[in-house]
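Heads up: the sequence shown is residues 33 to 338, going by our numbering. To start, the structure under review is shown below, and the notes come after it.
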Amino acid sequence: MPELPEVEGFRRRVEPFLVGATILRLHVLDEKRWHPAPGLDDASVQGATITAIGRVGKMLLVSLDRPATLALHLKIAGQLVHIRNDGSRILGGHPYPLAGAVLPDTATRVWISFTNGDTLFINDQRRFCWVRLMHSADVDGFVGGHGYGPDPIDPAFSPQVLGTRLALRRGRPIKVALLDQTCVAGIGNIYADESLYRARIHPRRLAGSLDLHETKRLHEAIVGILAIAVPVGGALMMGNRRSEVVDPVDAGRDFLQAHGCPGEPCVQCLAVGTAPNGAVPLIIREVVGGRGTYFCPECQQLPAAT
Numbered sequence: 033m034p035e036l037p038e039v040e041g042f043r044r045r046v047e048p049f050l051v052g053a054t055i056l057r058l059h060v061l062d063e064k065r066w067h068p069a070p071g072l073d074d075a076s077v078q079g080a081t082i083t084a085i086g087r088v089g090k091m092l093l094v095s096l097d098r099p100a101t102l103a104l105h106l107k108i109a110g111q112l113v114h115i116r117n118d119g120s121r122i123l124g125g126h127p128y129p130l131a132g133a134v135l136p137d138t139a140t141r142v143w144i145s146f147t148n149g150d151t152l153f154i155n156d157q158r159r160f161c162w163v164r165l166m167h168s169a170d171v172d173g174f175v176g177g178h179g180y181g182p183d184p185i186d187p188a189f190s191p192q193v194l195g196t197r198l199a200l201r202r203g204r205p206i207k208v209a210l211l212d213q214t215c216v217a218g219i220g221n222i223y224a225d226e227s228l229y230r231a232r233i234h235p236r237r238l239a240g241s242l243d244l245h246e247t248k249r250l251h252e253a254i255v256g257i258l259a260i261a262v263p264v265g266g267a268l269m270m271g272n273r274r275s276e277v278v279d280p281v282d283a284g285r286d287f288l289q290a291h292g293c294p295g296e297p298c299v300q301c302l303a304v305g306t307a308p309n310g311a312v313p314l315i316i317r318e319v320v321g322g323r324g325t326y327f328c329p330e331c332q333q334l335p336a337a338t
């Protein structure tokens, strides 16, 4: 976290307000999180107007009306907060600092003030996020150098495309393959777990062991969970566990059924009445590829031959 839905959800919500906004000043509070290209610095964006906000994988690209582009990556625990001049807030990414926090605070790494009174804060308690200022001519090379795979919310992302990407990683566990940003861009630990759960595929299955039907089912699960998550700004998480909804405005974000739900009943087994001997299977947690992984041992069984 934050993953594609958290980043894309924030992008969609702030785009109407930030595109066309003019930067008054960029404030750097943590030099280690700020990476300007040679010949550029924080003063280079002063007076610049935002012309577009794009996304590649989990990274935001902020285009300006001059040959410079801001790139932002929230990494593990980054947060974006847009405070409008009327005091209303739009949050994206990690839940900390909390919604009502006075900003900037000790977690703020970089923040931007705008001539219309709006502000944008990039916060990260764990100090892994980064903000880059690049010459616009270098953006394509920078993005291309990461070798990002297809974007799963792009209409061109099909079962065939997914199958081709997985075939290149046939010897890896499917969970590990999905976390590889060169396989599918933007999926992280949360949505890999949720996709595999909804597709009823064990996370240790080798990527090359999926047949055409299973690949199609996984594709549908990926597209389906992202269609739920993106419009509401992603999942509501607190640390490694699903968070309970407190604010009614977050009600739509309580959609996780596997990730962060250890010990909870499998809703899929309950729905189809497959609970063995009347017992309800519970979501369990194991480590796969070094990452905490959540799944149902009943409806996501590992075939003996895998």
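We put the CB at the ideal spot given by N, CA and C, even for glycine. What you are looking at is a predicted structure, and each value in this text was computed from that prediction instead of being measured.
Residue i, buried or exposed, once every other Cβ within 10 Å from all chains shown has been counted against 16
i      : result
LYS64  : exposed
THR325 : buried
LEU302 : exposed
LEU244 : exposed
GLY89  : buried
GLY110 : buried
ASP172 : exposed
HIS251 : buried
PRO335 : exposed
HIS67  : exposed
PRO280 : Any reading at PRO280 must be qualified, since the residue scores a pLDDT of 46, below 50, and its modelled position is unreliable; the value itself is stated next. Classification for PRO280: exposed.
ALA199 : exposed
ALA253 : buried
ARG87  : buried
PRO48  : exposed
Helix, strand or coil at residue i according to DSSP, with G and I counted as helix
i      : result
PHE153 : strand
THR325 : strand
PHE160 : coil
ALA139 : coil
PHE287 : coil
PRO294 : coil
PRO205 : strand
PRO280 : In this prediction, PRO280 has a pLDDT of 46, which is less than 50 and means its spatial position is unreliable; what the coordinates show is noted afterwards. Residue state, collapsed to three classes: helix.
ALA72  : The sequence given here has Leu at residue 72, not Ala. Coil.
THR83  : strand
GLY125 : strand
ALA54  : Residue identity differs from the one stated: residue 54 is Thr in this sequence, not Ala. Strand.
ARG43  : helix
GLU35  : coil
LEU200 : coil
ARG317 : strand
VAL134 : coil
Spatial distance of residue i from residue j (CA atoms)
i      : j      : result
ILE367 : TYR223 : What the structure shows of the chain is the stretch from 33 to 338, and residue 367 is not part of that stretch, so it cannot be assessed.
ARG249 : ARG230 : 9 Å
GLY52  : MET91  : 20 Å
GLY125 : PHE153 : 12 Å
GLN333 : PRO297 : 16 Å
PRO127 : VAL262 : 16 Å
VAL278 : ASP186 : Per-residue confidence for VAL278 stands at a pLDDT of 44, beneath the threshold of 50, marking its modelled position as unreliable; the derived number appears in the next sentence. For VAL278 and ASP186, the distance between alpha carbons rounds to 33 Å.
GLN192 : ALA259 : 19 Å
ILE85  : LEU228 : 30 Å
ARG317 : GLY71  : 48 Å
GLY79  : ASP97  : 10 Å
SER241 : LEU210 : 14 Å
SER275 : PRO129 : Because the pLDDT at SER275 is just 49, under 50, the model does not fix this residue reliably, and the value given afterwards should be weighed accordingly. Roughly 15 Å between the two C-alpha positions.
ASP156 : HIS59  : 15 Å
GLY327 : ALA290 : Going by the sequence as given, residue 327 is Phe instead of Gly. Taking the straight line from one Cα to the other gives about 6 Å.
ASN148 : ASN117 : 7 Å
THR140 : LEU288 : 29 Å
ALA311 : CYS293 : 18 Å
THR214 : LEU314 : 32 Å
Expected contact under 8 Å - CB spacing of residue i and residue j to nearest Å
i      : j      : result
VAL46  : ILE122 : 5 Å
GLY41  : GLY284 : Going by Cβ atoms, the distance from GLY41 to GLY284 rounds to 11 Å, so no, they are not a contact pair.
PRO99  : HIS167 : 6 Å
ARG57  : SER145 : 5 Å
LYS107 : PHE189 : Not a contact, Cβ separation roughly 24 Å.
THR81  : THR54  : 5 Å
VAL216 : PRO184 : 5 Å
VAL319 : PRO235 : Contact flag wrong, Cβ pair sits at about 10 Å.
VAL142 : LEU61  : 7 Å
Contact with chain C by residue i, beta-carbon distance below 8 Å
i      : result
ALA311 : Chain labels in this structure do not include chain C; a single protein chain is all it has.
Could I get the ranges of all uninterrupted alpha helix (DSSP H) runs contained in the segment 211-275, with 4 residues as the minimum, in chain order?
221-231 and 244-261
If you scan the segment 89-113 from start to end, which runs of the beta strand (DSSP E) of 3 or more residues do you find wholly inside it?
91-96 and 100-105
In the segment 165-194, which residue ranges form an unbroken alpha helix (DSSP H) of at least 4 residues, counting only runs that do not cross its ends?
171-177
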